[in-house]
Amino acid sequence: MIQSMTGYGKEVVQLLSKTITIEIKSLNSKGLDINTRVPSAYREKELEIRDILAKSLQRGKVDFSLYIEVTGQEVATQINEDAVKQYINQLAKVVNGDPVELLKMAVRMPDALKTEREEIDEKEYEEIVKGINKALDAINKYRSDEGLVLENDFIERSKNISKLLDDVVAIDPERIDAVKERLRKAVADIKEKVDENRFEQELIYYLEKYDITEEKVRLKNHLDYFNETLNSSDSNGKKLGFITQELGREINTIGSKANYAPMQQIVVQMKDELEKIKEQALNVL
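Here the sequence shown is numbered in the numbering used here, starting from 13 and rising by one per residue.
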């Protein structure tokens, strides 16, 4: 079953003094491109988090965000009392001001506040990892649901191309007759006597040149392979992309050999269906 590369997953972890929010978003990409936003305290765990994401998501442009909101008494930033007192003493020598106003100015000065480096709480990190895995479950379900929509669309458009191929097969004898008639008329317009044997040879040459039997067979085989790949257990967007290239090659060749307006109109419809498949295939994992 195919999966889309587009997805979204979110998980909120509630601890005693913190609310941790984990968000994962993904869009289509040729490879795996992970962007992370994590608090500075968890920078040392960033590579480990990336590894967890990579194993689960495989491909796509992934945005990972980890937000930590302190809801309890825990405060990491403290007033640097010594620095503030020195600033107040220095300011008092420059201006005569109310102590409260001097304090307001002092706390705006460099180093008036100091941030203590938080050490990672391993139990807290274990809860974060559990939250990441739950968010990954959510985004992968989203991807599977989107993949089902894509699969149904692929099947429908593949059927449309197959029906159009049947139309091509049906009018092919009519096309050959039309080609023969044009060649005979062209010879008649010359108003010169021609060697019938030579004419037959030339006719056979042109008919072989315009023959699309191999293209019809290959196109049908590629359509079968496309549907077989859709039904496989894994999701392989790159493989589907390669098959669509082969489908396009056969359709283009039929169009270039057609030399018959009704068939070329059918080819245009086939190209339109294939183009829509190609656009959607870019989003398959």
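Heads up, the beta-carbon is just placed ideally off N, CA and C, and yes, glycines get one too.
Remember, predicted model here, so these are calculated numbers, not experimental data.
- Between Gln292 and Ser156, the gap from beta carbon to beta carbon reaches 7 Å or more.
- In this structure the stretch 28-39 does not touch the stretch 156-173; the number of beta carbon pairs closer than 8 Å is below three.
- Counting C-beta pairs with one atom in each stretch, the stretch 90-108 and the stretch 72-81 have fewer than three that are closer than 8 Å, which means they do not touch.
- The closest CA to that of Tyr137, considering only Ala53, Gly21, Glu35, Ser247, is found on Ala53.
- Around Glu35, the same chain offers Lys22, Ser77 as residues with beta carbons nearer than 6 Å, after the five sequence neighbours per side are excluded.
- Judged by pairs of C-beta atoms under 8 Å, the stretch 144-152 touches the stretch 61-70, as three or more such pairs exist.
- Shown here, Tyr99 sits in a helix according to DSSP, grouped into three states.
- When the Cα atoms are used, Arg71 and Ile132 turn out to be separated by approximately 30 Å.
- For Leu195, the CB contacts under 7 Å within the same chain, skipping 5 residues up- and downstream, are Leu215, Tyr218 in chain order.
- Contact between Met17 and Leu297 holds: CB atoms are separated by about 5 Å, below the 8 Å threshold.
- Between Ile255 and Met282, the C-beta gap is not smaller than 7 Å, which leaves the two residues out of contact.
- Look at Ile64 here: in three-state DSSP terms it is helix.
- Val161 is classed as exposed because its beta carbon has fewer than 16 other beta carbons within 10 Å across all chains shown.
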